[in-house]
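There are 4 protein chains.
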Amino acid sequence: MIDFSLSPALADLQARVRRFIAEQVIPLEGDPRQGAHGPEEPLCAELTDRARRAELLSPHVAPDCGGLGLKHVERAVVFEEAGFSLLGPVALNVFAPDEGNMHLLEAVATPAQKEHWLKPLAAAQIRSCFCMTEPAPGAGSDPNMLATTAVPDGEHFVISGRKWFITGADGASLAIIMARVPELGATMFLAPMSSPGIVLERNMDTLDRCFPGGHGVVRFDGLRVHRDDILGEIGQGFRNAQVRLSPARLTHCMRWLGAARRAHEVATAYARERHAFGKPIGQHEGVGFMLADNEMDLHVARLTTLQAAWVLDQGGLGLHESSRAKVIVSEAVWRVADRCVQILGGQGTTSETVVARIFADMRAFRIYDGPSEVHRWSIAKRILKGLV
Amino acid sequence: MIDFSLSPALADLQARVRRFIAEQVIPLEGDPRQGAHGPEEPLCAELTDRARRAELLSPHVAPDCGGLGLKHVERAVVFEEAGFSLLGPVALNVFAPDEGNMHLLEAVATPAQKEHWLKPLAAAQIRSCFCMTEPAPGAGSDPNMLATTAVPDGEHFVISGRKWFITGADGASLAIIMARVPELGATMFLAPMSSPGIVLERNMDTLDRCFPGGHGVVRFDGLRVHRDDILGEIGQGFRNAQVRLSPARLTHCMRWLGAARRAHEVATAYARERHAFGKPIGQHEGVGFMLADNEMDLHVARLTTLQAAWVLDQGGLGLHESSRAKVIVSEAVWRVADRCVQILGGQGTTSETVVARIFADMRAFRIYDGPSEVHRWSIAKRILKGLV
Amino acid sequence: MIDFSLSPALADLQARVRRFIAEQVIPLEGDPRQGAHGPEEPLCAELTDRARRAELLSPHVAPDCGGLGLKHVERAVVFEEAGFSLLGPVALNVFAPDEGNMHLLEAVATPAQKEHWLKPLAAAQIRSCFCMTEPAPGAGSDPNMLATTAVPDGEHFVISGRKWFITGADGASLAIIMARVPELGATMFLAPMSSPGIVLERNMDTLDRCFPGGHGVVRFDGLRVHRDDILGEIGQGFRNAQVRLSPARLTHCMRWLGAARRAHEVATAYARERHAFGKPIGQHEGVGFMLADNEMDLHVARLTTLQAAWVLDQGGLGLHESSRAKVIVSEAVWRVADRCVQILGGQGTTSETVVARIFADMRAFRIYDGPSEVHRWSIAKRILKGLV
Amino acid sequence: MIDFSLSPALADLQARVRRFIAEQVIPLEGDPRQGAHGPEEPLCAELTDRARRAELLSPHVAPDCGGLGLKHVERAVVFEEAGFSLLGPVALNVFAPDEGNMHLLEAVATPAQKEHWLKPLAAAQIRSCFCMTEPAPGAGSDPNMLATTAVPDGEHFVISGRKWFITGADGASLAIIMARVPELGATMFLAPMSSPGIVLERNMDTLDRCFPGGHGVVRFDGLRVHRDDILGEIGQGFRNAQVRLSPARLTHCMRWLGAARRAHEVATAYARERHAFGKPIGQHEGVGFMLADNEMDLHVARLTTLQAAWVLDQGGLGLHESSRAKVIVSEAVWRVADRCVQILGGQGTTSETVVARIFADMRAFRIYDGPSEVHRWSIAKRILKGLV
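Chains as they are written, first to last, in this note's numbering: chain A, 9 to 396; chain B, 9 to 396; chain C, 9 to 396; chain D, 9 to 396.
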């Protein structure tokens, strides 16, 4: 039955995370150990230490792996709070791509794989990356253009190809690799990043800076992977990807919603204090309306995320719901961030507040995990087929 | 706890209303007994008869007044279904302003007033109008500019003033009148429309045609109303209006959401069938994206309406939530209607489908019950005060 | 060399037309001889009489046909003034489709055809219609789906097919008919509407009401047309249509720009006078910003129209420029009309001002002469080919 | 008379600049001598050397100061070409704020001041900054909040206050300072940046990086300026600022238009080459429509800039026209930049192309020289007063 209330336990957890972010994470936002390619290792370690002590580390992972075993709706509430600081997801160990990788491993990996990779990931002892996107003419928005190959060779596969936009590659211990096995189709493999045959060519210069390790270009030069290191089954790469897909899209929505709320709070405070033309700027309708639009966009983004998360909790695959949420939320929070820059005026484009950072970091969200255009087309096709 | 499911009973009621609209109401949409000022009395009577037989009449009214006693969330579900046909709200007796007037009477009226006015209203035997809006320089978006006066004269009040945009005035039996009692403030009065001193000057020509009786200009020429016919208490006119306000805004959202869904279904069917440039037009991204945007707008409108209705069901006044919903929904459904016109091409602007009618009828929704600008400003003020 | 000034002669003509519209046309706007399908014949005659006396009739036509021989830039200026009243284009005899038909006849017709048809058209003695658009599965946005056929039979062609959205069919004397001659392709024919074999099935109910004769459904039932009545050459139907296309798109832009300016002036006057919340509503930024956006949209629409007209005056076909102008202008003036409705509040949706009429009449402009989507695609293709 | 053609001389100059940018400037875009605060001095010198050799340096300055004496329309054409590379305006010595400062000095300075400051500026031997904007509670969008004071002391004034967002402060030789002389009003002063009493507190971290010297925080600590170094007259500071205002707003429009065109060309090339879902992405309407919208936005931005420049060339102050152009162009080119990011997908957010840089650098343009909101309000006030 329709209900928009949080359970007392969830409301309590929400409050705890909110306090943790305010007291333990935001004070570290000005920490100099952050570079053009994201927060650096020692800062990440300090953040996860704090979350560990607060018993908030890896809340999405099953308790037997050290997490809180949160359902998707619960994640929606907690991750929004985490996202309130760009460092929050790092602290709680729920940043991309590791959060989604853990989700995938939990769902698909063998017990041995879990022991070997999931546990240290959940403990924030190592990081991972997800090697899917390829430069032209490989797989970008269209996964079927997958060009990296994994050729069987006895008990091993030999992987060759090139990936880019590999978030967190620099510093990762684990690579999850999507490659095409001739005649058997797309397949996922697990490999230590330290393997001979994996070359981190370079880190890319991007507008965003919130992901540990930034985004790398990775080359597989005859990388040998044993068949025990296949994740899931041969030829099931895209099916596995779908396991990761809907939840991963949604957790982006959750985190960025928190960031947008942060920007909105900064802009609101400024609109109350800064005067122009005889009164606080917030009392000019031009600014007040932007605040109102923010409020509505945040509301809509939150409801949409919760509904899609709820569908996942009911056991649905949620492909449509997460696709829809991805577009609605990424565009709504972007509008919020853009308005906050505008309200702050010149300062909005500087590091005087956190807003410029949120703005620049958020831009890619309308693109990754499926650009708005690709999702719109998926939605359209479902409508035309009468599926929604 | 967060839950987006309908109870089995509500899902069943939804299905019944949907079937009723499809089988009993839509076939009457082409009925000629509809004019420039709305469906005519005999058609209205036939529609309400059908709903009465289907036991769906006045579902929002308490059972002791003949209704189904639906809560706000339940209304959201049922009214959306009703709105799927522009005649649906008339059939179920949940059209504006009568639906809101019944809600108001139920909350505020004396037992005698209920017996005299609410029961026949709930039975769809009579219609009512709500006399609030005034021509310049009186009360429009700004209710404090109320110019109509009610001057005490013994046991009576003598009401003088002019109102316009009085929906349903033509044909109404009951007028609920907002007037200012000198020194005591805005007050509501009940009066038969047949009273000497009430003059229906004319009906206005409007873009919309779905409201029985259209929109009238009403003059009070020394109308005498006995103090027993005060609705609520003297000076409590605006407070009473607030009782009506949030729910009435929301029921507009519900009904227009249904209408927008209808337009979307018509446009979708057309996009599947009509070919241009070598394929069904829906398979052109330009059209497909519009369908996808419709789907997202409808989704967001529905979630927002449900959430606000749920707040009312929890006992909240819901002023912020209904204000927010009014803006979000009125703008979202308008975008849907506009896109459907565009998808249908030339036909979208004609009576070949119901879409042009929905489009024209819906335009005023961004204005009445508070234009988007007034609501944005209310929201902004709450934000600046830290209330939301 | 870049110059944005009007020549003295053009500025003078502009002033004359402006005065004519204000003094001779606007006073007739409330004339009752207007129905659901446009202004009626006697009113049209009175309007054109007035223009004739003011020596402003058919200004786009060559002097030897009774016009002023205006170039396209001059038309832009004059037609905008005419469009300031929805009756203005009727008065000056520059309404659609006749204005475009005259342009086409002037460019393509034989001397005999001009004598027979163009002269009385230019003198506003008769009206014409352009029979191109067909119901599904015929030619709509995609002209190549042309289904009406013209089968040779000796010196004649026998035309069979069905057209709709035929503006001005009811009351027209001349039909220009697009039909496909087997193996020879699309061809235009001239025929008296009174011919046996032409059936006006019905008039369509549309949102707009400004076109004399409304929009009809026309059936050709074995209509016999002599080969002397071919307009242009056999198989050159689409090429001829292109002669008409760019200018006709632009003259729509010109006229609707005038209408949008009118709506803006009405809204501006209201924003100055109507008070709410303590001051004239125009002094609320929420309204003031809408006025500013109107001003910018009108400016951009005017510049774009002038530039495209100038390209035509240089001898260009202007397909790209007129396509681009069609999208820019139709969307800009629509935003203006929509904002004006919003500024006027409830009144914006009624006949209390001319704005609701402009709003409703204008909606189809984003569709006819190529929906925005079709033009966007044409523009995209040119970009991809490196043509622009 | 309306004319949209360039004179042969101007078309030739346009071609020369275009070639210069392509051959001499773009190859330096990857030069490492660029930092977080803009291109560094040696790179700037190399760029201006190249322009000097090409006889394109300081084209806006009068010939007797070493420039080409271009009128505003001519600047519109040339500066757009310069803006095609973010380094182009640096090369031609037409970047902000120096270009506007030179314009101001040329209009207002004494012969001695011109000799001392304008000539070396025009020769690109030194740089300058314009010290107007102040941190809260000083002058931001509202210039009347000017807090910096200049107190007379014999033949000198003692200036105290704090400025920020002072573009190019780091490395500038000349500061133009706006300060309030008690009782006499806002006044402009010229001072060497090396003066005792001028402290560059720090450089701000901003999203943009294209301005030499970045944006500084400058403090005046009892800076002594001789009355010979007043620019213009005492109390005429705001009047002088208006001399600079309209042209400076417009030259921003010109340069950013060039940058947006560049982004569009990069995105177009990508849309032609990159395949997804079976064809080049540009052949998907979702992408094609974005290209078409770019084309229309660029067109509208160019026309609007030219028209406003033409008004200046006619001797008008152009306050309304430049205000309108500022909003139209800044918002149009921003939409272009944003779409180009989206078309490029992930790459759009990286330094793989120049687009991410253009996107980030351009964001502040909707804010500086008057945020869109302030201009909208100015436009609205003019409309309400019947001035436009």
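We put the CB at the ideal spot given by N, CA and C, even for glycine.
Counting C-beta neighbours from all protein chains within 10 Å, is the total for residue i 16 or more, i.e. buried, or is it exposed?
i: M140(D); result: buried
i: G101(D); result: In the sequence under discussion, the amino acid at residue 101(D) is Asn, which differs from the Gly named in the question. So N101(D) counts as buried.
i: V207(A); result: exposed
i: M212(D); result: buried
i: K287(A); result: exposed
i: P379(C); result: buried
i: E82(B); result: buried
i: M9(D); result: exposed
i: R1(C); result: Any property of residue 1(C) remains undetermined from this structure, which presents chain C solely from 9 to 396.
i: R371(C); result: buried
i: H234(D); result: exposed
i: G75(C); result: buried
i: P50(C); result: exposed
Check whether the Cβ of residue i lies closer than 9 Å to any Cβ atom in chain C.
i: D305(B); result: no
i: E209(B); result: no
i: S380(B); result: yes
i: R257(D); result: no
Please report whether the beta-carbon of residue i lies at a distance below 9 Å from any beta-carbon of chain D.
i: G286(B); result: no
i: H292(B); result: yes
i: F103(A); result: no
i: D213(A); result: yes
Rounded to a whole number of angstroms, what is the C-alpha to C-alpha distance between residue i and residue j?
i: V33(D); j: L95(D); result: 7 Å
i: S13(A); j: E142(B); result: 40 Å
i: R170(A); j: I336(B); result: 45 Å
i: S203(C); j: I29(C); result: 37 Å
i: F165(B); j: S136(B); result: 21 Å
i: A53(B); j: A132(B); result: 8 Å
i: V319(C); j: S331(C); result: 12 Å
i: F197(A); j: T157(A); result: 11 Å
i: S254(C); j: N109(C); result: 13 Å
i: L113(A); j: Q42(A); result: 29 Å
i: A351(B); j: P145(C); result: According to the sequence displayed, residue 351(B) carries Ile and not Ala. Answer to the nearest angstrom: the Cα atoms are 16 Å apart.
i: H272(D); j: R280(D); result: 12 Å
Let me know the secondary structure DSSP gives residue i once reduced to three states.
i: L94(D); result: coil
i: F297(A); result: helix
i: Q133(A); result: coil
i: Q244(D); result: coil
Checking contacts by CB at 9 Å: is residue i closer than that to chain B?
i: W385(A); result: yes
i: F297(D); result: yes
Comparing the C-beta of residue i with each C-beta of chain A, is any distance below 9 Å?
i: S149(D); result: yes
i: W172(B); result: no
Exercise for the section: Would you be able to state if there are at least three C-beta pairs under 8 Å between the stretch 38 to 56 of chain A and the stretch 215 to 226 of chain A? Expected result: yes
Practice task
Could you tell me whether the stretch 266 to 276 of chain A touches the stretch 85 to 92 of chain A, using the rule of 3 or more Cβ pairs below 8 Å?
Solution key: yes
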